[in-house]
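In the order they appear, the protein sequences are chains B and Z.
When we follow the working numbering, the leftmost residue of the first sequence carries the number 1, and every step to the right adds one.
When we follow the working numbering, the leftmost residue of the second sequence carries the number 1001, and every step to the right adds one.
From the three backbone atoms N, C-alpha and C, an ideal C-beta is built for every residue, glycine too.
Model, not experiment: these values are computed from the prediction.
Everything below concerns the one structure shown next.
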Amino acid sequence: MAQFILRRIVSVLPVLLLVSFAAFSLLWLIPGDAAVVILGPDVDRGTVDALRKSLGLDRSLAAQYGSWLGRTLQGDLGHSLRDHRPIATAVVERLPATLELSALAMLIALTLGIPAGIVLASRHGTWVDVAGSVVSLGGISMPNFWLGILLILWLSVALGWLPPSGYVPLHESVRGNLELMIMPAVTLGLALAATVTRQTRASVLQVLDLDYVRTARAKGAKEARVIGVHVLKNALIPVVTIVGLQIGRLAGGAVITETIFGIPGIGRLAVDSLLARDFPVIQAVILLMAVAVVLSNLLVDVVYAYLDPRIRYG
Amino acid sequence: MRRTRWAWVILGFLLAVPAIHTPIEAQTRGGTLRVRLANDCTTLDPAHNTTPPERHVFHQVLNTLVGVDSKMHVVPELAESWKWDGDTTLTLKLRKGIKFHDGTDFDAAAVKFNLDRILDPETKSRLRGEIGEVKSVEAVDASTVRLQLKYPSVGLLATLAQAPGMILSPTAVKKLGKDVARQPVGTGPFKFVEWVRDDRVVVERFDGYWEKGLPYLDKIVFRPLPDTNVATVNLKAGAFDLIDAVEAKDVAGIKSRKDLAYAESPGVNYYMIRLNTSKPPFDARPVRQALAYAIDREAIARGLFFGTVPVAPGPITPASWAYSKDFKGIGRDVAKAKALLAEAGKAGGLKVEMETALTPIVVRMGEAIKAQAADVGLDLTLVPTESGKMMQDSLTLNYQAMLSFRTGREDPDGSTYRDFHTEGPFNRMKYSNPKMDALLVKARSTFVMEERKALYLQIQQLLLEDSPMVFLVVMPTGQAMTARLKGFTHYPTMDLYLKAVSLEK
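Laid out in structure tokens, this is it:
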């Protein structure tokens, strides 16, 4: 097992290096001169040249990347161009909101998705299955900015039950925090729930056809026990994979959801930095998000290997 | 030319009186106003101001040297009067007894400190160019400041009503260093409390404010919420009391509600097409004019903006005192456009590439213009372009036509010289006409308003003849609020001044 984990970690390193290079290249890939883009149109040549120099844009690409990577590896993410604060501080401030939002969305996705998938699979071929599949397809296809606005219109404007936007930290008021977090979490979690539903349904169906399930039934085990104990053990393995892969999607969805609901999280940091052309922050956020996705995939691989011995010996 | 510079002084004194606010009906005191910002502030140091949301905060926390009224006339603020000696010396008389929020005195030294700070290249202020005409600043005595200019520039006063004229406490700037960008200390009606990035900026009533009786509110909470649709929904749900922008499509919906109020006035910003006069085909004047005559501005105002905006006849919009009602600009004339193309030897039609900004409204405007231009034989290819590339292409003159917008200034000089003078810093058309240069210089050194107005009319007429830029429609300025809000004044720049605003219970 240790060897397997080690092998996986080694294989992740080149990916991380590639990701860091992609994040770094942003300054070079954007159309136009980065210094001009940052400063905007209302500025003279001298100011542009000064900024080019302070950004190090006058040096070679390799030299810039080298020094940037060196600093990043030492944990120095640099300073924001907007307010000159350390980027690490800004990220740490935003992390709780995004983590809470992601965790709640994931919770909604799992508590809705897994039972729904099981029900649909056990009612395979009936109208319940068809209806459920249509609904979950709708859930996947629904853009979350649209769903978000719809929820605000319904729950805040029409019914007045929930405040439409804003953020209260959990440690200040649990109730205030949850009131504001429900809609964003549902917005972000629903599409995920639909994906989990479909994956659970498919893999439960697959396992239901296997011989050992027939044996279990032949022994006279109750259907609830057959599915709850025998089927789920095997059927949930692919679901774990899918959930792991969705973490990247969660990060992407958080950008939009946080923007709609005015939550000061990592996604908002990314959007605001993009709008303000604060490139060091954008580079850092992209790098961090990418690292988070790579690491969560690594974790999924490990969990997977733990659940299914065939993988670690394969 | 006779310079009646004393007219300005008298005007200054006349306006000084109504500047002390006297409410017509009794307004409620207290309460917290919740204001939506389109984006979070990037800095709270006025010397680095770039975006409108920052100004919404600045105008509450800081005063400017002079102010503007809603018709964009310059009025007294920290300076109670001013006087021109010759055309390159401006003397400002400051109000006495004003204190900064940190308890220190506002005086001439503070003004000198702030202006010098912007002019100092070390500060890297983006506003340095805006007051580039200032050669030196001298504190004559505690309440007199004298500015020496490199060349005549009447528009400087109006510039001092904006970010370059905002005054921070020098003591605070020295003490806080770069941190002043996160906690501004000024003389304004509200003092700064906190700024939580991407979440809120809070200011509260300054009890020692120099305009007696103001402000009415106890507190203002600014919250950034980027999406305009979502902002409107939030206003309807009661989560905001005032939103700083409204899309044209939402105007009717807001007006139909009794619990909401809507405010607008003709804006200073306008949509336009920039033409590269250094390259074919727009190096030929008739071709430029042909495009101008091909476009139906009324149809654009009606179809895309639901009739909420006026057409822009030139760079001086109906918001300005220098706007002439009789100056109509160019209207659609298909026959004339075709004749102009024939005159340029392009009777068989012409293919042109036009870069368009990526905002949805500009994209739709591009499609409308493409259809209209096709009627006269101009075949436009729309090239949606990211703003950074657009900026670069305009700097390097690597484009044919560019559909985007320009932001106008309070003074007509600020809205014209930079774009249309041969040496103008934003002349990205390589447009050059000695007659235009002479007119622009004359207009910025003329002190009598009526004479200036006549000059700007000539400038705009010459612009139509030369057509280096095709003027389209004025940008919408709509803002919406709860009907409980009293004393709100809408400004063409969309800047918010909230000292006289109150919230009924």
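Query raised in the report: What residue range is occupied by the uninterrupted alpha helix (DSSP H) comprising M1391/Z?
Result: Mapped onto the second sequence, residue 1391/Z falls at position 391. From DSSP, the alpha helix (DSSP H) with M1391/Z extends over S1387 to L1395.
Requested in this report: To the nearest angstrom, report how far apart S165/B and I114/B are at their CA atoms.
Outcome: Here residue 165/B corresponds to residue number 165 of the first sequence, with the count starting at 1. Here residue 114/B corresponds to residue number 114 of the first sequence, with the count starting at 1. A direct Cα-to-Cα measurement between S165/B and I114/B gives close to 29 Å.
Query raised in the report: Given V1068/Z, which residues of its chain have a CB within under 7 Å of its CB, disregarding the five upstream and five downstream residues?
Result: If you number the second sequence from 1, residue 1068/Z lands on position 68. V1074, V1075, A1158, A1161 and E1410, listed in sequence order.
**Report entry** Which residues DSSP lists as bridging M181/B, in chain order
**Finding:** For this step, residue 181/B is matched to residue 181 along the first sequence. M181/B is bridged by DSSP to nothing; it lacks a bridge partner.
**Report entry** Neighbouring residues, chain B, relative to N1229/Z (Cβ below 8 Å)
**Finding:** Against the second sequence, residue 1229/Z aligns to sequence position 229. Result: I149.
Query raised in the report: Can a CB atom of chain B be found closer than 8 Å to the CB of T1042/Z?
Result: Counting from 1 along the second sequence, the entry for residue 1042/Z is found at position 42. Using beta-carbon distances, T1042/Z counts as an interface residue toward chain B, with a partner under 8 Å.
**Report entry** Close-in-space but distant-in-sequence residues of the same chain around L17/B (CB under 8 Å, 5 per side omitted)
**Finding:** Within the first sequence, residue 17/B is the residue found at index 17, counting from 1. Taken in chain order, the list of residues that qualify is empty.
Requested in this report: Output the boundary residues of the beta strand (DSSP E) element that contains G1067/Z.
Outcome: Translated into the one-based positions of the second sequence, residue 1067/Z becomes position 67. For G1067/Z, the enclosing beta strand (DSSP E) covers residues V1066 to V1068.
Query - Per-residue DSSP class, three states only, for Y1271/Z - result: To locate residue 1271/Z, count along the second sequence from 1; it is residue 271. Reduced to three states, the DSSP call for Y1271/Z is strand.
**Report entry** Residue-level contact to chain Z via CB, T195/B, 8 Å cutoff
**Finding:** Translated into the one-based positions of the first sequence, residue 195/B becomes position 195. Judged by the 8 Å Cβ criterion, T195/B is not in contact with chain Z.
Query raised in the report: Do the CB positions of G148/B and P1224/Z come within less than 8 Å of each other?
Result: The residue you call residue 148/B lines up with position 148 of the first sequence. The residue you call residue 1224/Z lines up with position 224 of the second sequence. The Cβ-Cβ distance between G148/B and P1224/Z does not fall below 8 Å.
Requested in this report: Going by CA-CA distance only, name the one from M1402/Z, M1436/Z and L1440/Z that's closest to D1413/Z.
Outcome: Position 413 of the second sequence, counted from the start, is the residue given in the question as residue 1413/Z. Closest by alpha carbon: L1440/Z.
Query raised in the report: Can you tell me whether DSSP reads H1021/Z as helix, strand or coil?
Result: Start at 1 with the first residue of the second sequence, and residue 1021/Z comes out as number 21. Residue placement at H1021/Z cannot be trusted, given a pLDDT of 48 that sits under 50; the coordinates are not used to answer.
Query raised in the report: Under 8 Å between C-beta atoms, does G262/B make it to chain Z?
Result: Mapped onto the first sequence, residue 262/B falls at position 262. Yes, G262/B lies at the interface with chain Z (some Cβ there is under 8 Å from its Cβ).
Query raised in the report: Is any beta-carbon of chain B found at less than 8 Å from that of Q1392/Z?
Result: The count along the second sequence starts at 1 and reaches residue 1392/Z at position 392. Taking a beta-carbon distance threshold of 8 Å, Q1392/Z counts as an interface residue toward chain B.
Report task. Consider the Cβ of P1224/Z: report whether some Cβ of chain B lies at a distance smaller than 8 Å. Result -> Sequence index remark: in the second sequence, residue 1224/Z carries index 224 (1-based). Chain B, which has a Cβ nearer than 8 Å to the Cβ of P1224/Z, makes this yes.
Requested in this report: Step through the CB atoms of chain B and report whether any lies within less than 8 Å of the CB of A1237/Z.
Outcome: To locate residue 1237/Z, count along the second sequence from 1; it is residue 237. Yes - at least one Cβ of chain B is within 8 Å of the one on A1237/Z.
Requested in this report: Tell me the start and end of each unbroken beta strand (DSSP E) in the stretch 1322 to 1379 of chain Z that is at least 3 residues and wholly inside, in chain order.
Outcome: Runs of the beta strand (DSSP E) inside the stretch 1322 to 1379 of chain Z: 1350 to 1356.
Query raised in the report: Mapping DSSP to helix, strand and coil, what is H79/B?
Result: Within the first sequence, numbered from 1, the residue matching residue 79/B stands at position 79. Here H79/B carries a strand assignment [DSSP, helix/strand/coil].
Query raised in the report: Run through DSSP, which three-state label would M1429/Z get?
Result: Locating residue 1429/Z in the second sequence gives position 429, counting from the first residue. It is coil, neither helix nor strand.
Query raised in the report: Taking Cβ positions only, does E93/B come closer than 8 Å to chain Z?
Result: Sequence index remark: in the first sequence, residue 93/B carries index 93 (1-based). At least one chain Z Cβ lies under 8 Å of E93/B.
Query - Contact set for A97/B: own chain, Cβ-Cβ below 7 Å, skip 5 residues either direction - result: Numbered from 1 along the first sequence, position 97 holds the residue referred to as residue 97/B. Closer than 7 Å at the Cβ level, and outside the excluded window around A97/B, lie Y167, I263, P264 and G265.
Query raised in the report: Which residues of chain B have a Cβ atom closer than 7 Å to the Cβ of V1145/Z, listed in chain order?
Result: If you number the second sequence from 1, residue 1145/Z lands on position 145. Neighbours of V1145/Z in chain B, taken as residues at a C-beta separation under 7 Å, are lacking, since the least C-beta distance is about 26 Å.
Query - the stretch 64 to 85 of chain B: positions lying closer than 7 Å to chain Z by Cβ - result: Those would be R82, D83 and H84, in chain order.
Report task. Compute the beta-carbon to beta-carbon distance between L1127/Z and A1181/Z, rounded to the nearest angstrom, for a pair I have assumed lies under 8 Å. Result -> Position 127 of the second sequence, counted from the start, is the residue given in the question as residue 1127/Z. Position 181 of the second sequence, counted from the start, is the residue given in the question as residue 1181/Z. Between A1181/Z and L1127/Z the Cβ distance is about 14 Å, and since that is not below 8 Å, they are no contact.
Report task. Please name the residue, chosen from L210/B, F4/B, G248/B and L39/B, that lies closest to N297/B on a Cα-to-Cα basis. Result -> Translated into positions along the first sequence, residue 297/B becomes position 297. Its Cα nearest to that of N297/B, the residue G248/B stands out among L210/B, F4/B, G248/B and L39/B.
**Report entry** DSSP-derived helix/strand/coil call for Y1262/Z
**Finding:** Working through the second sequence from its first residue, we reach residue 1262/Z at position 262. Of the three classes helix, strand and coil, the one that applies to Y1262/Z here is strand, per DSSP.
**Report entry** Those residues which DSSP pairs with P1076/Z across a bridge
**Finding:** Position 76 of the second sequence, counting from 1, holds the residue named residue 1076/Z. Bridge partners of P1076/Z: V1066/Z.
Query - Assigned secondary structure, T1032/Z (DSSP; H/G/I helix, E/B strand, else coil) - result: For this step, residue 1032/Z is matched to residue 32 along the second sequence. Per DSSP, reduced to three states, the secondary structure at T1032/Z is strand.
Query raised in the report: Are A1357/Z and S1387/Z closer than 8 Å when you measure CB to CB?
Result: One-based indexing of the second sequence puts residue 1357/Z at position 357. One-based indexing of the second sequence puts residue 1387/Z at position 387. The Cβ atoms of A1357/Z and S1387/Z lie closer than 8 Å to each other.
Query raised in the report: Nearest chain B C-beta to L1033/Z closer than 8 Å, yes or no?
Result: As a working mapping, residue 1033/Z is identified with position 33 in the second sequence. For L1033/Z, no Cβ of chain B is located within less than 8 Å of the residue's own Cβ.
Query raised in the report: From N1114/Z to I1167/Z, what does the alpha carbon distance come to, in whole angstroms?
Result: The count along the second sequence starts at 1 and reaches residue 1114/Z at position 114. The count along the second sequence starts at 1 and reaches residue 1167/Z at position 167. Taking the straight line from one Cα to the other gives about 6 Å.
Query raised in the report: Can we say the stretch 1367 to 1386 of chain Z touches the stretch 1282 to 1292 of chain Z, given the rule of at least three CB pairs closer than 8 Å?
Result: Yes, the stretch 1367 to 1386 of chain Z touches the stretch 1282 to 1292 of chain Z.
Query raised in the report: Between L1341/Z and L1350/Z, what straight-line distance do the alpha-carbon atoms span, to the nearest angstrom?
Result: What you label residue 1341/Z is simply residue 341 of the second sequence in a count that begins at 1. What you label residue 1350/Z is simply residue 350 of the second sequence in a count that begins at 1. Computed Cα separation, rounded: 9 Å.
Query raised in the report: Is V1075/Z near the ligand MG, with its Cβ less than 7 Å from a heavy atom?
Result: By its list of ligands, the structure shown contains no ligand whatsoever, and the ligand MG lies outside what it can speak to.
Query raised in the report: With distances taken from CA atoms, which of S1153/Z, M1390/Z and C1041/Z is nearest L275/B?
Result: For this step, residue 275/B is matched to residue 275 along the first sequence. For the residues S1153/Z, M1390/Z and C1041/Z, the minimum Cα distance to L275/B belongs to C1041/Z.
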